[in-house]
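Everything below concerns the one structure shown next.
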Amino acid sequence: MAGGDPEMFEKVKPIFDQIGGNIFYLGGIGTGQVIKMCNNIVLAANTVALAEAFATGVKAGLNPQTILDIFKVSTANSKALDLFGENIVNGTYEQVIFACSHMQKDVDLFMGLTNELKVPALLSTITHQLFNSAMKKGYGPQDMSVVAAIVEELADQKISSAKE
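Heads up: the sequence shown begins at 237 in our numbering, then just goes up one per residue.
Right under this line is the structure:
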């Protein structure tokens with residue numbers, strides 16, 4: 237995902253091809269940053285939705301591992317589930333795939349962009365609030381899936397508790 241001068245992009249594209257597989261030219265300077273923000277808000281909101289679904293299912297009496305197993309083979313499957321499902325089920329956020337502080341920064345940037353462009357961001361606003369809460373609790377260095385701990389607190393339900 238890159239933006240900038242198209243001639244310069246073509247010049248350095250062979251280097252990009254060596255670094256990664258999916259190379260997209262998006263347009264002028266800043267467009268790469270915009271798609272990164274858009275992609276990461278989807279990941280953040282998806283992770284929050286997973287945490288809510290796990291907390292609700294567990295509070296209703298379901299086993300979190302069973303929820304995970306079903307989600308993996310159903311329409312709830314997603315890259316967020318693949319990356320963070322085990323963390324959420326086990327309540328372990330120390331093995332960092334993407335730091336909470338980095339995601340909070342990206343969500344902040346996305347919210348700034350939506351404000352600037354006057355785009356309503358209802359789901360993103362809630363996601364932003366939850367990541368801000370995680371930062372206030374000192375969860376910044378942990379994996380971004382630690383946002384599930386905020387959902388657990390709000391739901392008064394540990395997700396991993398039904399696993400034992």
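In this text, a Cβ means the ideal position worked out from N, Cα and C, and glycines have one as well.
* Reference residue 339, options 328, 390, 275 and 349, closest by Cα -> Working through the sequence shown from its first residue, we reach residue 339 at position 103. Among 328, 390, 275 and 349, the Cα nearest to that of residue 339 is on 275.
* Measure the Cβ-Cβ separation of residue 370 and residue 382 and say whether it is below 8 Å. => The residue you call residue 370 lines up with position 134 of the sequence shown. The residue you call residue 382 lines up with position 146 of the sequence shown. Yes, the pair counts as a contact, with Cβ atoms nearer than the cut-off.
* To do: Reducing DSSP to helix, strand and coil, say where residue 379 ends up.
  => In the sequence shown, residue 379 corresponds to position 143, counting from 1. Residue state, collapsed to three classes: strand.
* **Residue interval of the beta strand (DSSP E) (run including residue 298)** => Position 62 of the sequence shown, counted from the start, is the residue given in the question as residue 298. Element bounds for residue 298: n/a, residue is neither H nor E.
* Asked: Helix, strand or coil for residue 240 per DSSP?
  -> What you label residue 240 is simply residue 4 of the sequence shown in a count that begins at 1. It is coil, neither helix nor strand.
* Would a C-beta distance cut-off of 8 Å place residue 396 and residue 326 closer than the cut-off? -> Taking the first residue of the sequence shown as position 1, residue 396 is located at position 160. Taking the first residue of the sequence shown as position 1, residue 326 is located at position 90. Going by C-beta atoms, residue 396 is nearer than 8 Å to residue 326.
* **residue 389 versus residue 372: straight-line alpha-carbon distance, rounded** => Numbered from 1 along the sequence shown, position 153 holds the residue referred to as residue 389. Numbered from 1 along the sequence shown, position 136 holds the residue referred to as residue 372. Straight-line Cα distance between these residues: approximately 14 Å.
* **Stretch-stretch touch, CB-based, cutoff 8 Å, three pairs: the stretch 254 to 261 with the stretch 287 to 302** => no
* Asked: Does the pairing of the stretch 345 to 365 with the stretch 265 to 281 give three or more beta-carbon distances under 8 Å?
  -> yes
* Does DSSP put residue 348 in a helix, in a strand, or in coil? -> Position 112 of the sequence shown, counted from the start, is the residue given in the question as residue 348. Annotated three-state conformation of residue 348 is helix, per DSSP.
* **Length at least 3, wholly inside the stretch 243 to 295: the beta strand (DSSP E) runs in chain order** => 261 to 263
* Where does residue 312 fall in DSSP's three states? -> Here residue 312 refers to the residue found at position 76 when the sequence shown is read from its first residue. DSSP places residue 312 in coil when its eight states are reduced to three.
* Asked: Taking the Cβ atom as the reference point for each residue, do residue 313 and residue 320 lie within a distance shorter than 8 Å?
  -> On the sequence shown, position 77 is the one that residue 313 refers to. On the sequence shown, position 84 is the one that residue 320 refers to. Not a contact, by the Cβ cut-off of 8 Å.
* If you check the beta carbons only, do residue 316 and residue 361 fall under 8 Å apart? -> Here residue 316 is taken as the residue at index 80 of the sequence shown, counted from 1. Here residue 361 is taken as the residue at index 125 of the sequence shown, counted from 1. Result no, Cβ atoms of residue 316 and residue 361 do not sit closer than 8 Å.
* Run through DSSP, which three-state label would residue 357 get? -> Taking the first residue of the sequence shown as position 1, residue 357 is located at position 121. Three-state result, residue 357: coil.
* Could you work out which residue in 337, 304, 387 and 270 is closest to residue 353 when comparing CA atoms only? => Along the sequence shown, read from residue 1 onward, the residue named residue 353 stands at position 117. Cα-wise, what sits closest to residue 353 is 270.
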